[in-house]
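**Q** A single structure is presented below for examination.
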Amino acid sequence: MSFLSDAIVSAVYLIANLDRDLIEIISLSLTITLSATLFASVIGIILGSAVALYNFPGRNVFTLLINTFMGFPPVVLGLFVYLLLSRSGPLGMLGLLYTPTAMIIAQTLLILPIIIALTRQTIFEVNKEYNEQLRSLGAEKFQIMKTLIWESRLTVMTIILAGYGRANAEVGAVMIVGGNINHATRVMTTTIAHETSKGNLILALSLGIILILIAFFINFAMQKIESISEQR
Amino acid sequence: MKNINKKENNTKHQKNFLPLSVNKVSLIINEKKLLKEISFNVKKNNILSIVGPNGSGKTSLLKALHGIYKLSSGSISWGDCSINEIKKMQAMIFQNPLLLKRSVKDNITYVLKIRNNTKSEILNKTNEALNLCNINELQNQQAHTLSGGEKQKLAIARAWVLDPNILFLDEPTLNLDPPSVYEIEELIINMHAKNTFVIFSSHDLRQVRKLSKEIVFLYDGKLIEKTKSKKFFESAESDLAKSFLQTR
Chain A
567 MSFLSDAIVS
577 AVYLIANLDR
587 DLIEIISLSL
597 TITLSATLFA
607 SVIGIILGSA
617 VALYNFPGRN
627 VFTLLINTFM
637 GFPPVVLGLF
647 VYLLLSRSGP
657 LGMLGLLYTP
667 TAMIIAQTLL
677 ILPIIIALTR
687 QTIFEVNKEY
697 NEQLRSLGAE
707 KFQIMKTLIW
717 ESRLTVMTII
727 LAGYGRANAE
737 VGAVMIVGGN
747 INHATRVMTT
757 TIAHETSKGN
767 LILALSLGII
777 LILIAFFINF
787 AMQKIESISE
797 QR
Chain B
60 MKNINKKENN
70 TKHQKNFLPL
80 SVNKVSLIIN
90 EKKLLKEISF
100 NVKKNNILSI
110 VGPNGSGKTS
120 LLKALHGIYK
130 LSSGSISWGD
140 CSINEIKKMQ
150 AMIFQNPLLL
160 KRSVKDNITY
170 VLKIRNNTKS
180 EILNKTNEAL
190 NLCNINELQN
200 QQAHTLSGGE
210 KQKLAIARAW
220 VLDPNILFLD
230 EPTLNLDPPS
240 VYEIEELIIN
250 MHAKNTFVIF
260 SSHDLRQVRK
270 LSKEIVFLYD
280 GKLIEKTKSK
290 KFFESAESDL
300 AKSFLQTR
């Protein structure tokens with residue numbers, strides 16, 4: 567019990583003193599996770615909706631693959647991105663390995679299948695309900711897609727949160743492509759892993775608490791947006 | 060209903076009636092034959108009602124005419140109009156209208172926006188429709204909080220702003236209270252007065268008698284009779300129609 571209370575005190579101390587290293591790690595973590603969530607959401611929502619509404623050859627195979635990739639091991643994905651971005655890889659000339667950009671790419675690829683698959687399922691179901699009415703009003707396919715995304719906005723927000731949650735908790739892929747370099751690519755999850763391996767459990771646990779607090783505030787903000795949206 | 064008469068005088072639309080020709084239309088969905096070789100013509104702009112017992116194919120025929128269902132065989136033509144042209148001239152009001160999760164006003168502006176109306180057109184037509192359907196006071200209310208009658212009036216307002224040549228209504232007053240039924244019937248009459256060809260399905264024979272001049276009677280997906288309303292109620296030809304009228 568005292569270990570846990572020590573960790574909480576330590577976390578409060580670090581936040582209260584606005585520890586420069588800690589702030590740097592938190593802001594880099596948020597930048598990477600939120601950027602990846604943003605990119606994956608924009609691509610995933612459009613792609614998932616299109617798969618739900620448009621018929622094209624190989625649609626079932628694509629859906630099967632996307633559903634499979636939802637459970638893709640982050641370390642394996644990190645390895646693929648590493649091979650792509652390493653000097654001898656096809657994108658090696660971009661020099662992105664061990665940079666925050668590489669970490670954003672890895673996290674985007676990690677959560678993209680989740681957002682595509684869940685959006686596809688949501689839009690597919692909503693379309694069953696709305697399709698005849700919207701077609702009757704004269705909406706074209708692209709207009710139907712935009713309308714269905716807007717009509718399912720609360721579920722879509724939850725899907726985005728699920729993607730954010732996955733990115734926020736991720737450590738394996740970002741460790742491989744980011745390298746956990748101090749003052750460059752060190753984020754909260756990799757710091758926790760690093761501090762734990764060093765035996766600095768109080769710092770690791772306090773960072774974990776801060777990580778959970780950030781996730782809590784982001785979810786809280788989303789919940790507020792949802793309730794405002796429901797009232798409108 | 061004062062507004063309706065006033066608006067009717069203000070808005071004289073020149074719309075051409077498009078004669079309807081239904082030729083051997085069959086519809087099979089999930090291996091079930093919903094419509095069986097239905098043929099009939101409508102040459103005058105009278106309100107046409109589709110009647111028949113449950114499962115006779117009333118809704119299927121309406122949706123086939125509206126172009127929502129792809130025909131298994133046969134053809135439907137509206138004058139010389141192409142399918143793409145006719146799609147833009149129609150509107151349909153469903154038995155349980157599906158309203159968007161937005162305000163009453165936004166539900167109306169939505170249909171105008173997707174049909175590329177200008178901002179001033181959207182404003183004018185929306186206000187006109189809100190007044191016409193007596194839902195002006197509800198304009199900022201969320202559509203899902205409306206009563207059944209109010210929802211149906213909003214659905215009519217949404218169709219009205221499109222100023223359709225052809226309006227389909229699928230049992231528009233089912234489960235509504237008498238005042239709401241009356242209001243909706245008046246709106247239908249008003250739409251027809253604006254030279255809109257109205258085709259509706261109903262179980263309510265009082266309503267059919269009041270509104271329609273021509274009747275299509277269906278039974279088990281087949282056309283049994285297509286006749287004048289008066290003749291149908293006074294001396295129906297088929298035994299199926301006679302027994303249908305006796306049970307009502």
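So the protein lines, in turn, are chains A and B.
For the first sequence, my numbering gives the first residue as 567, with consecutive numbering after it.
For the second sequence, my numbering gives the first residue as 60, with consecutive numbering after it.
All C-beta atoms in this analysis are idealised placements derived from N, C-alpha and C, irrespective of residue type, glycine included.
Is there a C-beta anywhere in chain A that falls below 8 Å from the one on B/M151?
**A** Cβ-Cβ to chain A under 8 Å: yes for B/M151.
**Q** Which two residues bound the contiguous alpha helix (DSSP H) that contains B/S141?
**A** Element bounds for B/S141: n/a, residue is neither H nor E.
**Q** Which one or two residues does DSSP pair with B/F256 in a beta bridge?
**A** B/I225, per the DSSP bridge assignment.
**Q** Using 8 Å for Cβ pairs, my map puts A/T757 next to A/I609. What's the rounded Cβ distance?
**A** So it is not a contact: roughly 29 Å between Cβ atoms.
**Q** Alpha carbon to alpha carbon, what distance is there between B/K184 and B/I283?
**A** Approximately 41 Å between the Cα atoms of the pair.
**Q** By DSSP, does B/V220 sit in helix, in strand, or in coil?
**A** B/V220: coil per DSSP, three-state reduction.
**Q** Give me the residue from B/S260, B/L270 and B/R265 with the minimum Cα distance to B/L277.
**A** Residue B/S260 is the option with its Cα nearest to B/L277.
**Q** Which partner residues does A/A787 have in the DSSP bridge list?
**A** According to DSSP, which records beta bridges pairwise, A/A787 is partnered with nothing at all.
**Q** Near B/S140, which residues of its chain fall below 8 Å by C-beta distance, leaving aside the five closest residues on each side in sequence?
**A** The sequence shown places Cys at residue 140 of chain B, rather than the Ser named in the question. Excluding residues within five positions, the ones whose Cβ falls inside 8 Å are L77 and M148.
**Q** Would you kindly check if the distance between the Cβ of A/A672 and the Cβ of A/A739 is under 8 Å?
**A** A contact, by the Cβ cut-off of 8 Å.
**Q** Any chance the stretch 653-666 of chain A sits against the stretch 109-125 of chain B, with 3 or more Cβ pairs inside 8 Å?
**A** With the cut-off at 8 Å, the stretch 653-666 of chain A and the stretch 109-125 of chain B do not touch.
**Q** Below 8 Å between beta carbons: does that hold for B/A218 and B/V163?
**A** No. Outside cutoff.
**Q** Which runs of the beta strand (DSSP E) fall wholly inside the stretch 145-182 of chain B and span at least 3 residues, in chain order?
**A** 149-152, all fully within the stretch 145-182 of chain B.
**Q** So which of A/E761, A/G731 and A/I794 has the shortest CA-CA distance to A/L596?
**A** Looking at the Cα atoms, A/G731 is the closest of the given residues.
**Q** Would A/Q709 count as contacting chain B if we go by Cβ distances under 8 Å?
**A** Cβ-Cβ to chain B under 8 Å: yes for A/Q709.
**Q** Buried or exposed: which applies to B/T177, given that a residue is buried once 16 or more other Cβ atoms fall within 10 Å of its Cβ?
**A** Exposed: under 16 other Cβ atoms inside 10 Å.
**Q** Using CA coordinates, which residue listed in A/E792, A/L584, A/A750 and A/L613 is at the minimum distance from A/I681?
**A** Taking only the C-alpha atoms, the option nearest A/I681 is A/L613.
**Q** Anything in chain B within Cβ reach of A/L673, meaning under 9 Å, just list it in chain order.
**A** Reading the sequence as shown, one finds Gln at residue 673 of chain A and not Leu. Here the premise fails: no neighbours, minimum Cβ distance about 32 Å.
**Q** Relative to the alpha-carbon of A/E698, which residue among B/Q211, B/N224 and B/L157 has its alpha-carbon at the smallest distance?
**A** Comparing Cα-Cα distances from A/E698 to each of B/Q211, B/N224 and B/L157, the minimum goes to B/L157.
**Q** When the cut-off is 8 Å and only beta carbons count, does A/Y620 lie next to chain B?
**A** So no, A/Y620 is outside the interface.
**Q** In three-state DSSP terms, what is B/K281?
**A** Strand at B/K281.
**Q** Does the beta-carbon distance from A/L703 to A/S615 come in below 8 Å?
**A** Going by C-beta atoms, A/L703 is not nearer than 8 Å to A/S615.
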